[in-house]
Amino acid sequence: MERFPLKVAAAVFVDAALPWVGKHIGVATEAFMKKAASKGLLMDCQMVPITGTGIGTSSEDGGGRQGTAIVMGPKFLEKCYKESPAEDVTLAKLLVRPGNQFMDDPVMKDEALLTAANYGSIKKVFVVAKAAHGSSASTEEVQRWIEATNPGTEVQEIAGADHAVMNSKPRELCDVLVGVARRYTTKD
9 MERFPLKVAA AVFVDAALPW VGKHIGVATE AFMKKAASKG LLMDCQMVPI
59 TGTGIGTSSE DGGGRQGTAI VMGPKFLEKC YKESPAEDVT LAKLLVRPGN
109 QFMDDPVMKD EALLTAANYG SIKKVFVVAK AAHGSSASTE EVQRWIEATN
159 PGTEVQEIAG ADHAVMNSKP RELCDVLVGV ARRYTTKD
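If you count by my numbering, then the sequence shown holds residues 9 to 196, one letter each, in order.
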């Protein structure tokens, strides 16, 4: 989006970290991880070290780049997929892999990476997964914080959705995406 802002009619962020101009890309993820760790929200997740010289690492110093990945535990996944069909939760548990947060990547720390002229000029839509009563209000709290830090962003809510909106409320998500496409598509 930073490189080709004229090619993007609108950017849609569905229950996701929404970067903003003047801050590094990982600030929302860092804030979530700190909040989640302090409140015990990561439950049975594990943080594992990453070392190597594969894709996304540098071997210029001979040792490669190091970082931290998260492995989501089964209890955490059940909480995240609380409104999703049981087979989707089972599949998520079977397909768990370490997920690199890229928090140690210099690009993620570059506060000048996203400019007001390019990334900042793109219309943004943030879709909040509004938890069902008794569900994970903590993730909605983080989403509301992300929303508050991005003034001018259009906000859409999907009631009764969990973190995997495409599983828990696919029709409602489709309706939101079609609505965004209709509002922001230019007529030639």
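All C-beta atoms, glycine included, are put in the ideal place defined by N, C-alpha and C.
Would you report the Cα separation of residue i and residue j, rounded to the nearest angstrom?
| i | j | result |
| --- | --- | --- |
| T161 | P106 | 31 Å |
| I58 | D96 | 28 Å |
| E180 | K117 | 35 Å |
| G187 | L85 | 30 Å |
| Q74 | D112 | 8 Å |
| Q54 | T193 | 42 Å |
| V184 | Q109 | 28 Å |
| A139 | A156 | 18 Å |
| S66 | A169 | At S66, the pLDDT of 49 sits below 50, so the modelled position is not reliable; the number obtained from the coordinates is stated separately. Their backbone Cα atoms lie some 39 Å apart in a straight line. |
| K83 | V22 | 22 Å |
| K42 | V163 | 24 Å |
| G128 | A45 | 31 Å |
| L50 | C182 | 29 Å |
| R191 | V29 | 24 Å |
| K15 | A25 | 22 Å |
So residue i packs on residue j, CB below 8 Å; how close in whole Å?
| i | j | result |
| --- | --- | --- |
| L121 | I33 | 6 Å |
| L10 | N158 | The residue asked about is misnamed: residue 10 is Glu in this sequence, not Leu. Their Cβ separation, rounded to whole angstroms, is 16 Å, which puts E10 and N158 out of contact at 8 Å. |
| K31 | E119 | 6 Å |
| I130 | A18 | 7 Å |
| V135 | I166 | 6 Å |
Just curious, the alpha helix (DSSP H) that residue i is in, first and last residue?
| i | result |
| --- | --- |
| K138 | Note, K138: premise wrong, no alpha helix (DSSP H); beta strand (DSSP E) at K131 to K138. |
| C88 | P82 to C88 |
| E38 | V35 to S46 |
| A94 | A94 to L102 |
What span of residues does the beta strand (DSSP E) with residue i cover, start to end?
| i | result |
| --- | --- |
| V188 | Here V188 belongs to no beta strand (DSSP E); instead the alpha helix (DSSP H) covers P178 to Y192. |
| V20 | A18 to V22 |
| A167 | E162 to A167 |
Determine the burial state of residue i: buried for a count of at least 16 other Cβ atoms within 10 Å of its Cβ, exposed for fewer.
| i | result |
| --- | --- |
| K132 | buried |
| S176 | buried |
| M174 | exposed |
| A172 | buried |
| E91 | buried |
| F12 | exposed |
| K47 | exposed |
| T123 | exposed |
| A197 | Nothing about residue 197 can be read from this structure; the chain reaches only from 9 to 196. |
| D52 | exposed |
| C88 | buried |
| P93 | exposed |
| A36 | buried |
| P27 | buried |
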